[in-house]
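Notes to accompany the following structure.
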Amino acid sequence: MTLNPLEHNAQNLSSLGAELVFTQDILGHYHSFYWRSSRDSMPSIDDDSPPLSIDDLTKIKLFPIQKQTYLECIERVLTRKIPEQCHYIFSDENYSFPFNLIISPIILFNGDAKLVLVMGNSLKKEEVSLIPHGFSNNYPESYQKLLINISRKIRRTLDLETIWQQTVDSIGLGLKVNRCLIIVPSYDTDFLEIKAEYCDPRYNSLLGFRFNFHDYEEVKKAILFRQPTTINLDGSTSSQALSVLLVPTFYQQEFNSIICLHQCDHQRQWNESELELVQELGDQVGTAIAQGTIYQKLEQANAEAKEASRLKSEFLASTSHELRTPLNGILGFLKLVLDDMADDIEEEREFIDQAYHSALHLLNLINDILDIAKIEAGKLEFNLDSISLNSICEEIYKFAHNQAQKKNIYFKINLPSTYDEILLQADYQRLLQVMLNLVGNSLKFTHEGGIEITAEIISKKFSVLDVSVPGMVKINVADTGIGVSLDKQEKLFETFYQVDGSRTKAYGGTGLGLAISKRLIEAMGGKISFYSMGESLGSTVTLTVPLSQLPILKTEK
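The number in this note's numbering is simply the position in the sequence shown, starting from 1, with 47 added.
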């Protein structure tokens, strides 16, 4: 509406035909005022009273009971420059007067709007009980209460699942939708997953559904443009939705969820107030999710720190025992020699030999501890060169063959048949150390059956440590030993972790072998994994090592 504000006198206002007409600024100050009395709805004015036109605007005592929400309505109208229809109850300090109002911006010639024109007609007595105080067709007050309610709920907790569920329940009930979802990204992937759901029991549950966001253009659009996105459907999809509203949430520019609303029983046109509400909710929820995520990570880090401390304590207790055992052996056998307790030269030599092997065992334990310390400090040095797999396997065979025979188990090494040597790009001593660790474990935990080492050539180019290699060799160390239960296998490569103290204590060792092997293999550009069908079902350790050159395989005739 474009009016000259200088012409807002009583005569001009009365000509607009409304019962109550006035102009106000953003603070609610009257700039002109006209009120035509009605006996049914204006009990404070006598039947014979003339229309009320006041030039001294300071004398006007008529104000809305819900003043704050009323002023917010005026601010919205002036900001958007769009009229609003609403119901408000006014009071003159003695009586209440319910009005149906139309609040319009008065737009000046330059496009600005500083005042609103309010035209109202009184509501009948039977209509008043149906209209709550401050009710607006755009529901600003009820939406404000909903926003405050949800904000309070999600701020009371840092538990992510509680935040998600309280959000969908509150929005679902507050906006009377058939379904409300929280969809969360799976970090480091392109997948999203529905983590929480409010759902009308008449419709299918979508909880737990995962999808690639690249498959849904509207989802990509909502995230890209960072604003609510509406979709109209025909109800034929698994969601059964006819109208969808997507609201992405962010924290410090980082996307962390989508609030998704489904209307399944009718096509719904989301009005401007609803869009503003869900966008404001999105901001609140995005912050709450971020805080919950940080808290969750802190809790996880704290739990991991406690577990690491416990494992280190167990490790130190175990290691002190492991170190004392060979040390006591060394001292004991040497004391026998010094005290001339040997019956002859042969027995004396046997005592010295036992002391020597105890010293070697002690040295290996100390080397394990030093290696893991160097690895964790990033100070372990590698000499990557072209080395022979056959040479490594020969050393392993010398180490394991006699021990396997003594235990009456078999030991086999099967390499691919090639015309030339299988050359690896690795550190010879470190790869030998890994293989000795793996085969040593198999010898320790295998009492019947045996151990078999196999190798397979992968003829495919790889980028390893920023260098292109012609292929990889995959080495399997398989045994028929005591095995490991499925639920404990993923922790086997963790530092200080041992499967079961009561089950493996009799076998000795620090429990660092697999942790060291994993770090060494990865430092050389390979990978290592462990698999067992379960306890007493044997195990297989698989590792990959880069090839220095691709060998020529012999084909079987």
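Glycine included, each C-beta is placed from N, C-alpha and C at the ideal position.
Measure the Cβ-Cβ separation of Ser304 and Ile336 and say whether it is below 8 angstroms. yes
Among the candidates Gln452, Lys521 and Ala160, whose CA atom is the shortest distance from the CA of Ser19? The question about residue 19 has no answer here: the residues shown for the chain are numbered 48 through 604.
Could you give the DSSP three-state label for Leu293: helix, strand or coil? strand
Whose C-beta lies closer than 6 angstroms to the C-beta of Ala473 among residues of the same chain, with five residues either side of it excluded? Ile434, Met571 and Val592
Are Pro163 and Gln314 closer than 8 angstroms when you measure CB to CB? Sequence inspection shows Val at residue 163; the Pro mentioned does not correspond to that position. No. Outside cutoff.
Please look up how many angstroms separate the CB atoms of Gln287 and Ala243, rounded, as I've assumed it's under 8 angstroms. Incorrect: roughly 19 angstroms between the Cβ atoms, too far for contact.
Buried or exposed, going by whether 16 or more other CB atoms sit within 10 Å of the CB of Glu66? buried
Using a Cβ-Cβ cutoff of less than 7 angstroms, which residues in the same chain neighbour Lys565 once the five nearest sequence positions on both sides are dropped? Phe540 and Ile575
Please list the terminal residues of the continuous beta strand (DSSP E) segment that includes Leu590. Ser586 to Pro593
Just to confirm the assignment, what range does the beta strand (DSSP E) spanning Trp82 have? Tyr77 to Trp82
Environment of Thr602 [buried if 16+ CB atoms lie within 10 Å]: exposed
Out of Gln115, Leu412 and Met166, point me to the one whose CA is closest to Ser79's CA. Met166
Please classify His309: is it buried, with 16 or more other beta-carbons within 10 angstroms of its beta-carbon, or exposed? buried
Going by the beta-carbon positions, is the gap between Leu590 and Ile568 smaller than 8 angstroms? yes
Residue span of the beta strand (DSSP E) that contains Gln132, given as start and end: Glu131 to Ser138
For Asn461, the first and last residue of its enclosing beta strand (DSSP E): Tyr457 to Asn461
Three or more C-beta pairs under 8 angstroms: does that hold for the stretch 531-540 against the stretch 432-449? no
By the DSSP assignment, the alpha helix (DSSP H) with Ser489 in it spans what residues? Tyr475 to Phe492
Minimum C-alpha distance to Lys192 - residue among Leu170, Ser217, Leu207 and Ser169: Ser217
At what residues does the beta strand (DSSP E) containing Asn279 begin and finish? Thr276 to Asn279
Across which residues does DSSP place Leu410 in a beta bridge pair? The partner list for Leu410 (beta bridge, DSSP) is empty, contrary to what the question assumes.
Measuring CB to CB, does Leu370 end up less than 8 angstroms from Leu412? yes
Under the three-state DSSP convention, the category Ala352 falls into: helix
Three or more C-beta pairs under 8 angstroms: does that hold for the stretch 109-126 against the stretch 138-155? yes
What residue from Arg273, Gly425 and Gly282 has the CA that sits closest to Tyr298's CA? Arg273
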